[in-house]
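Asks: So that we are looking at the same thing, I have put the structure below in structure tokens.
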Amino acid sequence: MPAEYSTIQAAINAASDGDVVLVADGTYSERINYNGKNITVQSLNGAAYTTIQGDGADGPVVTFSSGETSAVLKGFTIDNQATSNNARGIYISNNATPTIKNSVIKGNTPPSWQNGAGIYISGGGVTIENTTIGGSSTEKNSCNRGCGLYAQSSSYDITITGSTITYNTANSEGGAIYLTGITGMTTITDTTISNNSSSRGTAIYSSNSPLTITNTSMDSNSAVYEGGALCLNGASATTTITGGTINNNSARDGAAVYILNGADLTVSGTTISSNTSSNSYGAIWIRDSGSTLNLSKATLSGNSTPARGGAIFAGSSTVVTIENSNITGNVADDYSWSEGGGIYSAGTLNIYSSTIAGNYARGNGGGLNITGSTTIKNSIIWGNTAPSSPQIDGAATVTYSDVEGGFSGTGNINADPLFVDLQQATSGNPTTAGDFHIQSGSPCIDTGTSAGTPADDIDGDSRPQDGDGLGSGTTGDGSDYDMGSDEYVP
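So the sequence shown is numbered by the numbering used here: it starts at 91 and just counts up by one.
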């Protein structure tokens, strides 16, 4: 029989598993604890009309710490008005795995040495749907680490869908999200992570915690040191990104992504553009220690660094594989020795069926500056500029590729690829402009090789196409595959 209660906690205390506690509009100055009950606490009219702001005492506004496996919090603004010890928004521990829906978690400010201002997880998991964590420059969550969400030491999954994590500020790592020692999978889908700030790994800092990110924008975040958007640290920090954007982030080094200590990153169909490094290393910095980067159907454009590797800087003992991707309009500027407008690699670099064009370096290697082992196949390297070795600076094994100025190797050509619109970066002017599809009559049509070539191109068009209309066996290795990221469709 439904009953009315003077506080939300009183209603929770009276509820049984499976019950729904409905909360009327208003601002509630209390802290609530689900006390192990698998119930739903839901506002009548949504987060805009219903706020729980704490009671001014130590501790979080909402607590799940007794193994709640199907508890739900739906339709609230969580705004802890206290600044005292553990003054967080939501606290999850001891095998609890609640769901948070249609809510706003903002303005939570525990002491600056504490972690997890918005949501703190230790030994639990969470599902977050259609929820805003942060909100504006005046409603941000702030703390030491993981000020939107901090999670540690858990085997449970963390799932975030259709949400916004914005304007969170950390003194240390992970302005928006900080993960450490999570052996379950963290999955982020259809989410915006923007305008956060921290020392490094501002959108997401992952230490030995696997991640899957799909159709998510990580834009306009800033880090004092490394990883304006992402910092992936450790061999268990295996991360897959599909779709989405990583744009307009800034950091001293690795303005978009910082990868170290054996972490692995696979990126497919993602745009990584207009990220700005202020010190040495460009949009993606893969440090030493066996870290790997795999790019497929990716676009890296308009990124900049003062020193080396406008789009990618890869240290020794790293492995980078690029397939069906465009690396265009990036710059390495500021110094006479600035190198690798597109890519600087001291490790193992493999480039297949990709286009590297329109990049700029003030020193050597407008397209690539390489000192490690490099293999380039079925690719176009054209229209890059630098005072010395504008296309490729360094030794490489290059086959079935179109390299401006020529490059020794089987099947290589030196002819204008006839891009739809070649746009070139210049000193101080990275660019995301241009159209790097090839046109009818391009010498890159049907002159590539089938060996190791993917089954489709950057747009998903199937390979090969008989683009020149002459049938197979006439040019290249006779297989009708095109050079570059684009397969011309007649």
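Beta carbons: idealized from backbone N, C-alpha and C, even for Gly.
What residue from S133, K127, N128, T117 has the CA that sits closest to D145's CA?
Replies: Nearest option by C-alpha distance: T117.
Asks: Assign A353 to one of three DSSP states: helix, strand, or coil.
Replies: In this structure, A353 counts as coil in the three-state DSSP scheme.
Asks: Could you name the residues that DSSP lists as bridge partners for N337?
Replies: Answer is S363, bridged to N337.
Asks: Please state if the CB of N258 and the CB of G215 are separated by a distance shorter than 8 Å.
Replies: Their beta carbons are not under 8 Å apart, which means G215 does not touch N258 by this criterion.
Asks: Y450 to S119, Cα distance in whole Å?
Replies: Roughly 58 Å between the two C-alpha positions.
Asks: Quick one: residues in its chain with C-beta nearer than 8 Å to the C-beta of N135, no 5 flanking neighbours on either side, listed in chain order?
Replies: Answer for N135: D115, G165, listed in chain order.
Asks: Tell me whether the region 482–499 and the region 510–522 touch, counting them as touching only if at least three CB pairs, one residue from each stretch, are closer than 8 Å.
Replies: No, they do not touch.
Asks: Kindly indicate which residue of A515, G372, A523, Q555 has the alpha-carbon position closest to the one of C534.
Replies: For the residues A515, G372, A523, Q555, the minimum Cα distance to C534 belongs to Q555.
Asks: Going straight from the alpha carbon of I376 to that of G252, what length do you get?
Replies: For I376 and G252, the distance between alpha carbons rounds to 29 Å.
Asks: In chain order, what residues of the same chain have a beta carbon less than 8 Å from the beta carbon of E494, not counting five sequence neighbours either side?
Replies: The answer, listed in chain order, is I471, W472, G473, N474, P480, Q481, N504.
Asks: Buried or exposed for E94, going by 16 or more other Cβ atoms inside 10 Å?
Replies: Exposed is the call here.
Asks: By DSSP's criteria, G165 is part of a beta bridge. Which residues make up the other side?
Replies: Bridge partners of G165: none, in fact.
Asks: Whole angstroms is fine: what's the gap from S552's alpha carbon to G333's?
Replies: If you take the alpha carbons of S552 and G333, they lie about 19 Å apart.
Asks: Would D148 be called buried (16 or more neighbouring beta carbons within 10 Å of its own) or exposed?
Replies: Flag for D148 reads exposed.
Asks: List the DSSP bridge partners of V493.
Replies: DSSP lists I471 as partners of V493.
Asks: What are the residues that DSSP puts in a beta bridge with W375?
Replies: W375 pairs with Y348, F403.
Asks: Starting from Y442, follow its DSSP beta bridges and name the residues at the other end.
Replies: Answer by DSSP bridge pairing, in chain order: E413, K467.
Asks: Buried or exposed, going by whether 16 or more other CB atoms sit within 10 Å of the CB of L458?
Replies: Under this definition L458 is a buried residue.
Asks: Thinking T522 and S364 are a contact (beta carbons under 8 Å), I'd like their distance in whole angstroms, please.
Replies: Confirmed, Cβ separation roughly 6 Å.
Asks: Once DSSP output is grouped into helix, strand and coil, what is the label at Q242?
Replies: Reduced to three states, the DSSP call for Q242 is strand.
Asks: Please classify G206 as buried or exposed, where buried requires at least 16 neighbouring CB atoms within 10 angstroms.
Replies: Buried: at least 16 other Cβ atoms inside 10 Å.
Asks: With DSSP as the reference, please indicate the residues paired to N583 in a beta bridge.
Replies: Because the chain in this structure spans residues 91 to 580, residue 583 falls outside the shown range and cannot be described.
Asks: Among A401, A541, T199, which has the Cα closest to the Cα of Y442?
Replies: Among A401, A541, T199, the Cα nearest to that of Y442 is on A541.
Asks: DSSP has A260 in a bridge; who is on the other side?
Replies: Partner(s): C233.
Asks: Out of S296, T273, N285, point me to the one whose CA is closest to N337's CA.
Replies: Answer by Cα proximity: N285.
Asks: So, with DSSP's three-state summary, where would you put G192?
Replies: Reading off the sequence shown, one finds Asn at residue 192, where the question assumed Gly. Correct three-state label for N192: coil.
Asks: Could you say which of A476, T159, A346 lies nearest to K127 if we only look at CA atoms?
Replies: Of A476, T159, A346, the residue nearest in Cα terms is T159.
Asks: Could you pull out every residue in the same chain whose Cβ sits closer than 6 Å to the Cβ of Y268, ignoring the five residues on either side in sequence?
Replies: Closer than 6 Å at the Cβ level, and outside the excluded window around Y268, lie R235, G236, Y240, Y295.
Asks: Which one or two residues does DSSP pair with S174 in a beta bridge?
Replies: BP columns for S174 are empty, so no partner.
Asks: List the whole-angstrom C-beta distance separating G437 from T408, where the pair is believed to meet the contact cut-off of C-beta under 8 Å.
Replies: 4 Å between Cβ atoms; contact.
Asks: Can you list, in chain order, the residues of its chain whose CB lies under 7 Å from that of N185, leaving out five sequence neighbours each side?
Replies: Counting only Cβ-Cβ distances below 7 Å, and skipping sequence neighbours, we find G157, G213, G214.
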